[in-house]
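See structure below.
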Amino acid sequence: MDTNGNVLLSGYTDYKIIDGSKWLIFKQGNHYGVVDPISKKVIIKNEFEQLDSFIRNLGIAKKASGYGVIDINGKTILPFDYEEIRVLAANGNHRYSSSPVIGMSDLIFDANITEQVKQRLAYEVQIEQAPYFFEVTKNGKTGICNWDGKTIIPLGKYQNIKLHYYNGKTFFLVGSNQNSGIVDENGMEILPVHYSFDDGYQYSASGIENQFDISQRFITFSDGKAGEHHALKIGLFDLQTKKVLISPHEQQITLFNKDLILVRKLVSNYHYQFSIYHIGQDKICTFDNTVIDIRLVNDHFLLVEHHDKSLQLTDTDGKLVYSNTNWTSDGSYDLIRFPNYEKYPNGRFYHGLKKIYVKEGNLFIDTVGNEKCFEEYDQVDDFYEGYAIAAKKIIDKENYSGF
Numbered sequence: 001m002d003t004n005g006n007v008l009l010s011g012y013t014d015y016k017i018i019d020g021s022k023w024l025i026f027k028q029g030n031h032y033g034v035v036d037p038i039s040k041k042v043i044i045k046n047e048f049e050q051l052d053s054f055i056r057n058l059g060i061a062k063k064a065s066g067y068g069v070i071d072i073n074g075k076t077i078l079p080f081d082y083e084e085i086r087v088l089a090a091n092g093n094h095r096y097s098s099s100p101v102i103g104m105s106d107l108i109f110d111a112n113i114t115e116q117v118k119q120r121l122a123y124e125v126q127i128e129q130a131p132y133f134f135e136v137t138k139n140g141k142t143g144i145c146n147w148d149g150k151t152i153i154p155l156g157k158y159q160n161i162k163l164h165y166y167n168g169k170t171f172f173l174v175g176s177n178q179n180s181g182i183v184d185e186n187g188m189e190i191l192p193v194h195y196s197f198d199d200g201y202q203y204s205a206s207g208i209e210n211q212f213d214i215s216q217r218f219i220t221f222s223d224g225k226a227g228e229h230h231a232l233k234i235g236l237f238d239l240q241t242k243k244v245l246i247s248p249h250e251q252q253i254t255l256f257n258k259d260l261i262l263v264r265k266l267v268s269n270y271h272y273q274f275s276i277y278h279i280g281q282d283k284i285c286t287f288d289n290t291v292i293d294i295r296l297v298n299d300h301f302l303l304v305e306h307h308d309k310s311l312q313l314t315d316t317d318g319k320l321v322y323s324n325t326n327w328t329s330d331g332s333y334d335l336i337r338f339p340n341y342e343k344y345p346n347g348r349f350y351h352g353l354k355k356i357y358v359k360e361g362n363l364f365i366d367t368v369g370n371e372k373c374f375e376e377y378d379q380v381d382d383f384y385e386g387y388a389i390a391a392k393k394i395i396d397k398e399n400y401s402g403f
């Protein structure tokens, strides 16, 4: 009835609203249909044993022959011969109604929410706006259809199907007989089903885990173990180019940032070759065999450690920026332990200066490798916010106190 108490529709045993529509799902006898309560016109005859809530104008329905999908006008999108049909979001999460699972768009601009949370919310909103899929099952076999009813993955082609969202598209991590591969949004196999997705903890993207445009771009895959070695032969697949970016090898792969990937490849027992892969430029910079570690500094520099513990600062192409014969990973025991600041890690450039941890506690370099020494002080801390704590050694003849 309306707000005046006038009866608009009667004679049916049940009604369900349809999100985004003025029409209603009705039940008459043991079957369901769709009716316009204003005109009393039956839009879809009550010929379904079951009719779920419509999602984006499509509804899963059931006849005696099985489950199918219809649109809001009753047109058949998927035939009625499946044992089960489920709606999947772009990342594989199940959807049961058109009501948004997340309504967080406004929260993204809330000053009280951290940047990491904002990035996560923005990513979830992006997923929710992407196309949905149907997961269909028949005779115990599963397949995937798009929202238009087109088959993307035929029934039973793979035993396992997992959806992976990246940059507006859904990819499918598929597997059969303990082998895995990748299928793109068009149903094309872009990584053959010869591998596994076990990376053996040899891959890390922790530094950019909230930058979803880059962290979700790459898929690690394994080609098993080399002989009796414990480590796996892992590689990296790029969903943007739909190609293998780094071929499988016994190695460790670290995604530094949106531009750089560190590869630590085993070349012989306990000996590794270090390389930096430039994502946007599609080039690799390989370091000599004396290198035992590489760390990223301020996204634009590399701190390179050698077998003799000596340290060097290079650019991301491996070109030397600064070296000092006294600069080693051992540091110096003569340095003051200044207060630690959680949000300011040691070893970075702050306001254009980076502290060099040698015996002298007042030595810094700028971003082109020029030294700057604050000789009037014995020791100087990092310039975290443009200022630094400094210490000068004094001698108190009556009560020696050092600094």
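Under this note's numbering, the first residue of the sequence shown carries the number 1, and numbering increases by one thereafter. Using N, Cα and C, we set each Cβ at its ideal position, and we do this for glycine too. This one's a predicted model, so the numbers in the text were calculated from it and none came from an experiment.
Here A391 carries a strand assignment [DSSP, helix/strand/coil]. Inter-residue distance for Q240 and R217 is about 7 Å (C-alpha atoms, whole angstroms). According to the DSSP assignment, D213 belongs to no beta strand (DSSP E) but to the alpha helix (DSSP H) extending over 212-215. In this structure F287 touches S275 by the C-beta definition: roughly 7 Å separates them, less than 8 Å.
DSSP, reduced to helix, strand and coil, places V117 within a helical segment of the structure shown.
Burial state of Q251 is buried, judged by a 10 Å Cβ sphere holding 16 or more other Cβ atoms.
Closest in alpha carbon position to Y82, among P154, T170, T76, Y67, is Y67. Between the beta-carbon of G168 and that of A130 there is about 6 Å, and that keeps the pair under the 8 Å contact cut. Short of 8 Å from the beta carbon of Q119, and not among the five residues preceding or following it, lie these beta carbons of its own chain, in chain order: N210, Q211, F212. One Cα belongs to Q178, the other to A122, and the distance between them is close to 35 Å.
The residue from Q281, F383, E375 with its alpha-carbon nearest to that of K392 is E375. When secondary structure is reduced to three states using DSSP, S206 falls in the helix class. Relative to F54, the option among G224, T325, W147, G207 whose CA is nearest is W147. In the DSSP assignment, no residue is bridged to L245. Counting only runs of at least 3 residues, the region 145-193 fully encloses the following beta strand (DSSP E) elements, listed from N- to C-terminal order: 151-153, 160-166, 169-176, 179-183. One Cα belongs to I144, the other to P192, and the distance between them is close to 18 Å.
Take D199, set aside five residues on each side of it, and the residues of its chain with a beta-carbon closer than 6 Å to its own are T220, I234, in chain order. For N324, the enclosing beta strand (DSSP E) has its first and last residue at 320-328. Under DSSP, H271 shares a beta bridge with S268. Sorting P79, E47, G33 by C-alpha distance to the C-alpha of T151 places P79 at the top. With fewer than 16 other CB atoms across the displayed protein chains lying within 10 angstroms of its CB, D299 is exposed. As DSSP reads the structure, R86 sits in a beta bridge with E135. Of the candidates Y158, H164, Y166, M188, the residue whose Cα lies closest to the Cα of S180 is Y158. Within 10 angstroms of the beta-carbon of Q379 lie 16 or more other beta-carbons, which makes it buried. With respect to G352, Y322 sits apart: the two C-beta atoms are not nearer than 7 Å. Of the residues Y270, N340, V35, L232, the one whose Cα lies closest to the Cα of H307 is Y270. Note on geometry: alpha-carbon atoms of Q273 and L262 lie some 11 Å from one another.
Remark: C-beta atoms of Y384 and Y350 approach each other more closely than 7 Å. In terms of Cβ geometry, L24 and Y32 do not form a close pair [threshold 7 Å].
With 16 or more other CB atoms across the displayed protein chains lying within 10 angstroms of its CB, G361 is buried.
In this structure, the straight-line span from the alpha carbon of N112 to that of G347 is close to 30 Å. About 18 Å separates the beta carbons of L173 and F134, which is beyond the 8 Å limit, so they are not a contact pair. In the same chain as N30, and ignoring 5 residues on each side of it, the C-beta atoms closer than 8 Å to its own belong to E49, in chain order. In this chain, the beta strand (DSSP E) harbouring Q28 covers 24-28. For E128, the number of other beta carbons within 10 angstroms of its own is at least 16, and it is reported as buried. Of the candidates I389, G227, E84, N160, E84 places its Cα closest to the Cα of S65.
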